[in-house]
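Q: Those protein sequences? They're chains Z and E, same order as listed.
Under my numbering, the residues of the first sequence are numbered 3 to 172, in order.
Under my numbering, the residues of the second sequence are numbered 143 to 562, in order.
Just so you know, even glycine gets a beta-carbon here, dropped at the ideal spot from N, CA and C.
Structure in structure tokens, see below.
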Amino acid sequence: MSELQKSSSGVPPRFSEEAMRQVEVIFQRYPADRRESAVMPVLHLAQREFGGWLSQEALDYVATIVGMPPIRVYEVATFYTMYNLKPVGKYHIQVCTNISCWLCDSDSIAQALRNKLQLSFGESSSDGRFTLSEVECLGACINAPMLQINDDYYENLTPAKVSEIIDQLP
Amino acid sequence: MTKIVYKHIHLENSHTLAVYKSAGGYQALEKALTLSGDDIIDEVKRSGIRGRGGAGFPAGLKWSFIPKDDRAKYLVCNADEGEPGTCKDRDILRYVPHQLIEGMIIAGYAVRAERGYIYIRGEFYREAERVQAAIDEAYAAGYLGDNVMGRGVRFDLAVHRGGGAYVCGEETGLIESLEGKKGQPRLKPPFPANIGLYGGPTVINNVETLTSVPDIILNGGAWYSSLGVDKSTGTKVFAVSGHVNKPGNYEVELGIPLKVLLEEYAGGIRGGWDNLKGVIPGGASSPVLTKTVCETVTMDYDAISKAGSMLGSGAVIVLDRSVCIVRAIARLSRFYRHESCGQCSPCREGTGWLSQIMQRIEQGKGVREDIDLLLSVAGNIQGKTICALGDAAAMPVVGAIRAFREEFEYHVEHGRCMVA
Ligand SMILES: Cc1cc2nc3c(=O)[nH]c(=O)nc-3n(C[C@H](O)[C@H](O)[C@H](O)COP(=O)(O)O)c2cc1C
Ligand code: SF4
Ligand code: FES
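Okay, structure coming up:
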């Protein structure tokens, strides 16, 4: 699959002991003969453990953990947008531009971010700090406009607030 | 007004077991466990509650379809909340997860499902943490596990996070996703009630539907059906977004006039009532209502459907007169094109066409024939696809042309918008 990118580090991905404990917890959620159900949560975990994205090696590793053919894991990883198949910045900034946010001027939020970060949608900063993306409705429409940075939502935004939020990121 | 699913969300730490219990939580479960499964299903039927995820199918009837055979059965809560404009379930997940869990244990007991899943959209990371913490508390307190409240009933419950695909909100796409596959919907029949998760009989309900169950059991189906109006009983959360002064999630009885919802709850239209252009009443897929319709329509399944739209998920998106309808719908068409899973060609190709033609009209590059072309493309999608995403993509386009055809015409004739 052409979308898949090899890791550049050359170090084969391995879960830490703590991550392996989490894998065991994940498996317990599904019937014993339905381990494939764990593929999504294990991919989410792998993305967290391996620097925010999933290289082909990482997908192969998940395949061995879950006991699925690698091709099936590739299929899943490419279907869902939350699995990043190329490196992303330390802060993945995702701006909702769907209807409710657009009505509340998400255009100005997107513009403020482009100016502040000097990035277009889909680009990452060269220092690896930021990736800027456009996303579909994130389910926070009554607090539009909004964006997500990694695991957290930032809502009821204004261009000034956006700038502050970026400045305050550690 | 009576509140049900949001009645506790104003309490401090409402997400904790301690607060939920002190507000009367888990008493409905205690009562349910003294009833038979069929009694519970009858009570839910009597309540008249219809599914709050979009399709409005009667919940009690759905539960009664679960066969009484020996196969393992499953209960799945749909917390994918992906229809643009919809954000009502999020507040249940993060503020009253125990009420959802209690509703699920009761539903599981009623249909003899011993395992349940809450499928939460992946982006709701913090919400999933909240729900997981509540599940952990419920296990520790003996509400979940192999001996629920010491009554020898088994119910295990787990969170499954999605991965960012709207189509997984469709019930069979969701099942595929839970099974560790791409979330591509299945051809129906068979329906999930017969062959669902892992091939077993499966009930799938929306978060809001399941969260209503404890009060139905505690106060009775007759009490619930006394709220709202005929065929649209009970309360419903409307997520009012867009051009109102106080956007928010408002839980009200079904049948409330839309104008009252907007003026008295949502703080009125930005710039006053006369600045209203139209309302998308039930999430992105529901056809837009004109201001004239908004003057009188009531928020119940039948009234909205008679007005040519759908109550859907109850996401009320308000457009004032500054909005270019062509641009608004073009944005939605882009969404559906992006979210089509691609397995049926009328949807895969059709959503692509809709988006492309909408964009071309919006940019002033359209021609007159494009308007009818949109209708013909939409007609070739509707009713010809595996899941309802295809219809969902077609309906807003058809609805907007019906309600605001002159704006489409202005766009193609003048190469620009008549609004801005
Ligand atoms: C494309 C598509 C997306 C959907 N998304 C959701 C969703 O996010 N949440 C939901 O509860 N139902 C969603 N539904 C409806 C479900 O298929 C299903 O009808 C619902 O979960 C049943 O629960 P209910 O009867 O309690 O409403 C969607 C349907 C379609 C066709
Ligand atoms: S209608 Fe669209 S989203 Fe639904 S199964 Fe067909 S291609 Fe996939
Ligand atoms: S439209 Fe932006 S969060 Fe829903």
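Looking at chain Z, is there any beta carbon in it that lies within less than 7 angstroms of the beta carbon of Pro-226 of chain E?
A: With 7 angstroms as the cut-off, Pro-226 of chain E counts as an interface residue toward chain Z.
Q: Suppose contacts are defined by Cβ-Cβ distances below 7 angstroms. Is Val-554 of chain E in contact with Leu-496 of chain E by that definition?
A: The answer is no: Cβ separation not under 7 angstroms.
Q: Taking a contact to mean a Cβ-Cβ separation below 7 angstroms, would you say Gly-304 of chain E touches Gly-264 of chain E in this structure?
A: Yes.
Q: Please state the DSSP three-state secondary structure of Gly-384 of chain E.
A: Three-state result, Gly-384 of chain E: strand.
Q: For Ala-40 of chain Z, which residues in chain E fall below 8 angstroms Cβ to Cβ?
A: Those within 8 angstroms of Ala-40 of chain Z in chain E are Gly-322.
Q: Counting only Cβ pairs nearer than 9 angstroms, list the residues of chain Z close to Asn-391 of chain E.
A: In chain order: Ile-144.
Q: Is Ile-73 of chain Z buried or exposed, if buried means 16 or more other CB atoms sit within 10 Å of its CB?
A: Exposed.
Q: Run through the DSSP bridge pairs and tell me what Ser-126 of chain Z is partnered with.
A: Note: Ser-126 of chain Z sits in a beta bridge opposite Z:Thr-133.
Q: List the residues that DSSP assigns as beta-bridge partners of Ala-520 of chain E.
A: BP columns for Ala-520 of chain E are empty, so no partner.
Q: So for Lys-163 of chain Z, helix, strand or coil by DSSP?
A: Lys-163 of chain Z falls in the helix class under three-state DSSP.
Q: The beta strand (DSSP E) with His-94 of chain Z in it runs from where to where?
A: Counting along the chain, the beta strand (DSSP E) containing His-94 of chain Z begins and ends at 93–98.
Q: Let's test the definition: count the other Cβ atoms within 10 Å of the Cβ of Trp-415 of chain E and tell me whether it reaches 16, buried, or not, exposed.
A: It counts as exposed.
Q: Considering only residues of the same chain and omitting the five flanking positions on each side of Ala-40 of chain Z, which have a CB-CB separation below 7 angstroms?
A: Closer than 7 angstroms at Cβ, skipping near neighbours: Ile-28, Phe-29, Tyr-32, Val-68.
Q: By how many angstroms is the C-alpha of Gly-227 of chain E removed from the C-alpha of Arg-272 of chain E?
A: Whole-angstrom Cα-Cα distance: 23 angstroms.
Q: With contact counted as at least three CB pairs below 8 angstroms, one residue from each stretch, are the region 47–62 of chain Z and the region 8–20 of chain Z in contact?
A: Yes, the region 47–62 of chain Z is in contact with the region 8–20 of chain Z.
Q: Around the C-beta of Pro-389 of chain E, are 16 or more other C-beta atoms found within 10 angstroms, so that it is buried, or is it exposed?
A: Buried.
Q: For the beta strand (DSSP E) that Ala-545 of chain E lies in, which residues bound it at each end?
A: Premise fails: Ala-545 of chain E lies in the alpha helix (DSSP H), 531–556, not in any beta strand (DSSP E).
Q: Would you say Ile-167 of chain Z reaches chain E, if we count a Cβ-Cβ gap shorter than 7 angstroms as a contact?
A: Not one chain E Cβ lies under 7 angstroms of Ile-167 of chain Z.
Q: Would you mind reading off the limits of the beta strand (DSSP E) that contains Ala-300 of chain E?
A: First-last of the beta strand (DSSP E) with Ala-300 of chain E: 298–303.
Q: Following a CB-centred definition, is Gly-532 of chain E positioned closer than 6 angstroms to any heavy atom of ligand 2?
A: Because some heavy atom of ligand 2 lies under 6 angstroms away, the Cβ of Gly-532 of chain E counts as near it: yes.
Q: At 8 angstroms on the CB atoms, spell out the chain Z contacts of Tyr-251 of chain E, in chain order.
A: Result: empty, since nearest Cβ-Cβ is about 19 angstroms, beyond 8 angstroms.
Q: What whole-angstrom Cβ distance do Asp-442 of chain E and Val-382 of chain E have, given they're in contact under 8 angstroms?
A: About 16 angstroms; that fails the 8 angstroms criterion.
Q: Does the beta-carbon of Glu-511 of chain E have 16 or more other beta-carbons within 10 angstroms, so that it is buried, or is it exposed?
A: Its Cβ having fewer than 16 others within 10 Å, Glu-511 of chain E is exposed.
Q: Using the beta-carbon of each residue, which ones in chain Z are nearer than 7 angstroms to Arg-490 of chain E?
A: By Cβ distance, chain Z contributes nothing, its closest Cβ being about 14 angstroms from Arg-490 of chain E, past 7 angstroms.
Q: Tell me the residue span of the alpha helix (DSSP H) that contains Glu-269 of chain E.
A: Start and end: 267–282.
Q: For ligand 3, any of its heavy atoms closer than 6 angstroms to the Cβ of Ser-18 of chain Z?
A: Not under cutoff, so the answer is no.
Q: Are there any heavy atoms of ligand 1 lying less than 6 angstroms away from the beta-carbon of Ile-346 of chain E, as far as the coordinates show?
A: True, at least one ligand heavy atom lies under 6 angstroms from that Cβ.
Q: Do Leu-115 of chain Z and Glu-5 of chain Z come within 7 angstroms of each other at the CB atom, strictly closer than that value?
A: For Glu-5 of chain Z and Leu-115 of chain Z, no; Cβs fall outside 7 angstroms.
Q: Can you pull the chain E residues whose beta carbon is under 9 angstroms from the beta carbon of Pro-33 of chain Z, in chain order?
A: Per Cβ cutoff of 9 angstroms: Ala-214, Arg-257, Tyr-340.
Q: Would you call Met-143 of chain E buried or exposed, if buried means 16 or more other Cβ atoms sit within 10 Å of its Cβ?
A: With fewer than 16 Cβ atoms within 10 Å of its Cβ, Met-143 of chain E is classed as exposed.
Q: Who are the neighbours of Ile-459 of chain E on chain Z, taking C-beta pairs under 8 angstroms?
A: Those within 8 angstroms of Ile-459 of chain E in chain Z are Ile-101, Ser-102, Leu-105, Cys-143.
Q: Report the rounded CA-to-CA distance for Leu-339 of chain E versus Glu-318 of chain E, giving the unit in angstroms.
A: Each residue's alpha carbon lies about 8 angstroms from the other.
Q: With a cut-off of 7 angstroms, does the C-beta of His-129 of chain Z fall near any C-beta of chain E?
A: Inspection of the sequence shows that residue 129 of chain Z is occupied by Asp rather than by His. No - not a single Cβ of chain E is within 7 angstroms of the one on Asp-129 of chain Z.
Q: Which residues does DSSP list as the beta-bridge partners of Ala-457 of chain E?
A: Partner(s): E:Ala-381.
Q: If we call anything under 7 angstroms between Cβ atoms a contact, is Ser-189 of chain E one with Ile-358 of chain E?
A: Contact flag set, yes.
Q: Which residue wins for smallest C-alpha separation from Tyr-267 of chain E, given the options Z:Gly-124, Z:Pro-43, Z:Ala-146, Z:Leu-159?
A: Nearest C-alpha to Tyr-267 of chain E: Z:Pro-43.
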